[in-house]
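Everything on this sheet refers to the single structure shown next.
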DNA sequence: GCGACAG
DNA sequence: ATCTTGTCGC
């Protein structure tokens with residue numbers, strides 16, 4: 250699929266923040282988004298200890314069967330130091346490369362990280378959404394910012410994630426008595442719709458099948 | 001001033 | 001992200 254070029258590339262954290270602020274206005278935060286996407290792509294990156302070598306993996310699943318439709322993996326290097334809030338710049342180049350090698354265009358992007366639940370409202374999920382023009386959402390394993398009341402212990406329970414007086418995401422329990430995940434909007438999708446898809450993609454485990462598949466593909470490629 | 005801080 | 005063994009429980 251086609252993906253918008255990502256230069257200029259930042260040389261400093263300050264420049265990276267400027268890029269986020271410049272792209273943020275391009276976000277489409279209207280509408281509920283795709284109610285019944287046929288396919289969803291999971292994106293994940295695995296790192297090699299010690300070096301800056303990494304593997305960016307993308308696995309497209311059929312939303313109805315949750316079975317893989319296509320895979321793409323690219324070995325690359327971390328393109329930026331790890332800085333909370335600028336995390337996307339580490340993996341963006343390699344993830345984009347993996348997306349471009351896809352022969353099909355997924356209906357939804359499920360990213361491992363936050364979208365709007367970000368200090369400048371422009372996390373990885375937002376960035377990938379703007380670059381691809383596709384609906385995107387973020388499902389993060391850990392909290393970055395915002396306050397919330399612990400959701401009930403049953404699968405499907407959720408609580409709003411609030412920051413600066415705004416709802417930037419939702420803490421969602423995908424399995425009974427299991428640590429919740431942090432869902433936030435990326436691009437061209439609403440929070441309710443995003444949570445619905447996150448839940449549908451997680452029938453048996455805490456994390457969505459999309460990211461589970463991408464994770465396995467990524468670390469498998471890192472060894473080969 | 002002291003923590004917290006996506007992966 | 002990754003380093004790491006056994007262990008509790010269905």
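In the working numbering, the protein residues as written are 250 to 473. Even glycine gets a Cβ: it sits at the ideal position worked out from N, Cα and C. Being a predicted model, the structure only gives us computed values, none of them experimental.
The alpha-carbon of residue 252 is positioned some 10 Å away from that of residue 347. The region 398-406 makes contact with the region 417-429, as at least three CB pairs between them are under 8 Å.
Buried is the label assigned to residue 437, since at least 16 other Cβ atoms lie within 10 Å of its Cβ. Counting only runs of 4+ residues, the alpha helix (DSSP H) found wholly inside the region 334-422 occupies 337-349, 373-381, in chain order. In this structure, the alpha-carbon of residue 447 lies about 6 Å from that of residue 457. Per DSSP, residue 466 is not a residue of any beta strand (DSSP E); the alpha helix (DSSP H) it occupies stretches across 458-472. If you compare the alpha carbons of 387, 421, 367, 440 with that of residue 412, the shortest gap goes to 367. The way I'd put it, the region 332-347 does touch the region 305-322; three or more beta-carbon pairs between them come closer than 8 Å. Within a 10 Å sphere around the beta-carbon of residue 443 sit 16 or more other beta-carbons, which makes this residue buried. Inclusion of residue 284 and residue 459 in the CB contact set at 8 Å is not warranted, their separation being larger than that value. Distance from the CA atom of residue 325 to the CA atom of residue 379, rounded to whole angstroms, is 22 Å. Following the DSSP letters along the chain, one finds residue 270 inside the alpha helix (DSSP H) bounded by residues 262-272. Here residue 321 is buried, its C-beta having at least 16 other C-beta atoms within 10 Å. Counting along the chain, residue 448 sits inside the alpha helix (DSSP H) bounded by residues 440-449. Taking C-beta atoms under 8 Å as the contact rule, residue 387 and residue 439 fail to qualify, at a distance of about 14 Å. Taking C-beta atoms as the reference points, residue 364 and residue 372 count as a pair closer than 8 Å. Within the DSSP bridge table, the entry for residue 432 names 388, 419 as partners. Pairing residue 292 with residue 357 gives a Cβ-Cβ distance that is not under 8 Å. Taking 8 Å as the cut-off, the Cβ atoms of residue 323 and residue 287 do not count as close. The straight-line gap separating the alpha-carbon atoms of residue 268 and residue 400 is approximately 35 Å.
According to the DSSP assignment, residue 303 belongs to the beta strand (DSSP E) that extends over 302-311.
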